[in-house]
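Peer 1:
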Amino acid sequence: MTPTLDYLQRPSKLLPVWKKKVAASAALVVAVVGGTPAMAGADPGTPAPTPPAAPKTTIDADGTYAVGTEIVPGVYSTAGPIGEGACFWRRIGNPDGATLDNALTKKPQTVQIDPTDASFKTNGCQPWQLTDGAAPPPPSGLAPALAGLQLQAWMAQLNARAAASGQAPPP
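Under numbering that gives the first Met the number 0, read the sequence shown as residues 0 to 170, first letter to last.
#1: Across which residues does DSSP place LYS120 in a beta bridge pair?
#2: Return the first residue and the last residue of the beta strand (DSSP E) that VAL110 is part of.
#3: Just to confirm, are GLN128 and TYR75 a CB contact at a threshold of 9 Å?
#4: Is it the case that the segment 82 to 99 contacts the segment 152 to 162, given that we only count it when at least three CB pairs across the two stretches are under 8 Å?
#5: What residue range is occupied by the uninterrupted beta strand (DSSP E) comprising VAL74?
#6: Quick check on SER164: buried or exposed, where buried means 16 or more other Cβ atoms within 10 Å of its Cβ?
#7: Indicate the three-state DSSP secondary structure (helix, strand or coil) for VAL28 in the structure shown.
#8: Looking at C-beta atoms only, is the number of pairs between the segment 103 to 113 and the segment 79 to 91 that lie closer than 8 Å three or more?
#9: So, under 8 Å CB-CB, ASP131 and GLY92 are touching, yes? Tell me the CB distance rounded to an integer number of Å.
#10: Would you report the Cα separation of ASP95 and GLN166, rounded to the nearest angstrom?
#11: From the beta carbon of GLY147, is the nearest beta carbon of chain C less than 9 Å away?
#12: Can you have a look at ARG160 and say buried or exposed, based on whether 16 or more other CB atoms are within 10 angstroms of its CB?
#13: Using the three-state DSSP reduction, which class does ASP152 fall into: helix, strand or coil?
#14: Output the distance between the C-alpha atoms of ALA146 and ASP59, rounded to the nearest integer angstrom.
#15: Does DSSP classify ALA102 as helix, strand or coil?
#16: Rounded C-beta distance between THR56 and PRO126? I'm assuming under 8 Å.
Below is the structure:
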């Protein structure tokens, strides 16, 4: 007679084995669930996740920074380029990414970053600091558009004089 037939013929013999397996499984479940609070649920004493950091008032590395979330808007200044290089900065508009203002220089810089700017990009500059100062003054002399028109007029005069002397400008 095989053990299978014996258990089929006498179900009462199977009951003690079944009880042992159920008890062992229940102990395993209790050990796993009780042993790892994360699986059972959040522990009420666990602190809440930390909120995101507040926007910075110092820009100390090359990169592009979102205005309002990574840096606060305002007037920033830098001592100029790092070493013998050049300092590049760019204000980027929202939402099209157009350049609002930029510079590539070897001199100290001050720039007004407006709340409506999308981001500010810097490369090769010493750290930027938010200042309490006023916005930088407008460029002195002619505005860039007027300077472009003046240059165009000078080039037209030079080309006219070259043509009058028999020296046509290259095409």
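Beta carbons: idealized from backbone N, C-alpha and C, even for Gly.
What you are looking at is a predicted structure, and each value in this text was computed from that prediction instead of being measured.
Peer 2: This is what the structure holds:
#1: One-based indexing of the sequence shown puts residue 120 at position 121. LYS120 pairs with THR63 and ARG89.
#2: Residue numbering aside, residue 110 sits at position 111 when the sequence shown is read from its first letter. Counting along the chain, the beta strand (DSSP E) containing VAL110 begins and ends at 108 to 112.
#3: As a working note, residue 128 is residue 129 in the sequence shown. As a working note, residue 75 is residue 76 in the sequence shown. In contact: GLN128 and TYR75 (Cβ atoms closer than 9 Å).
#4: Three or more beta-carbon pairs separated by less than 8 Å are not found between the segment 152 to 162 and the segment 82 to 99, which leaves the two stretches without contact.
#5: Within the sequence shown, numbered from 1, the residue matching residue 74 stands at position 75. For VAL74, the enclosing beta strand (DSSP E) stretches over residues 73 to 77.
#6: Translated into the one-based positions of the sequence shown, residue 164 becomes position 165. Result: exposed.
#7: Residue numbering aside, residue 28 sits at position 29 when the sequence shown is read from its first letter. Here the model assigns VAL28 a pLDDT of 49, short of 50, so the residue's position is not dependable and the matter cannot be decided.
#8: Counting Cβ pairs under 8 Å, three or more are found: they touch.
#9: Position 132 of the sequence shown holds residue 131. Position 93 of the sequence shown holds residue 92. Going by Cβ atoms, the distance from ASP131 to GLY92 rounds to 25 Å, so no, they are not a contact pair.
#10: Translated into the one-based positions of the sequence shown, residue 95 becomes position 96. Translated into the one-based positions of the sequence shown, residue 166 becomes position 167. Distance from the CA atom of ASP95 to the CA atom of GLN166, rounded to whole angstroms, is 45 Å.
#11: Given the protein chain composition of this structure (a single chain), no chain C is represented.
#12: Here the question's residue 160 lines up with position 161 in the sequence shown. Around the beta carbon of ARG160, fewer than 16 other beta carbons lie within 10 angstroms, which makes this residue exposed.
#13: Counted from its first residue, the sequence shown places residue 152 at position 153. Residue identity differs from the one stated: residue 152 is Ala in this sequence, not Asp. In this structure, DSSP gives ALA152 a helical state, which the three-state scheme calls helix.
#14: Walking along the sequence shown from the start, residue 146 turns up at place 147. Walking along the sequence shown from the start, residue 59 turns up at place 60. Cα to Cα, the separation comes out at about 34 Å.
#15: As a working mapping, residue 102 is identified with position 103 in the sequence shown. In the structure shown, ALA102 adopts extended strand secondary structure according to DSSP, grouped into three states.
#16: Stepping through the sequence shown from its first residue, residue 56 is reached at position 57. Stepping through the sequence shown from its first residue, residue 126 is reached at position 127. About 11 Å separates the two Cβ atoms, so there is no contact after all.
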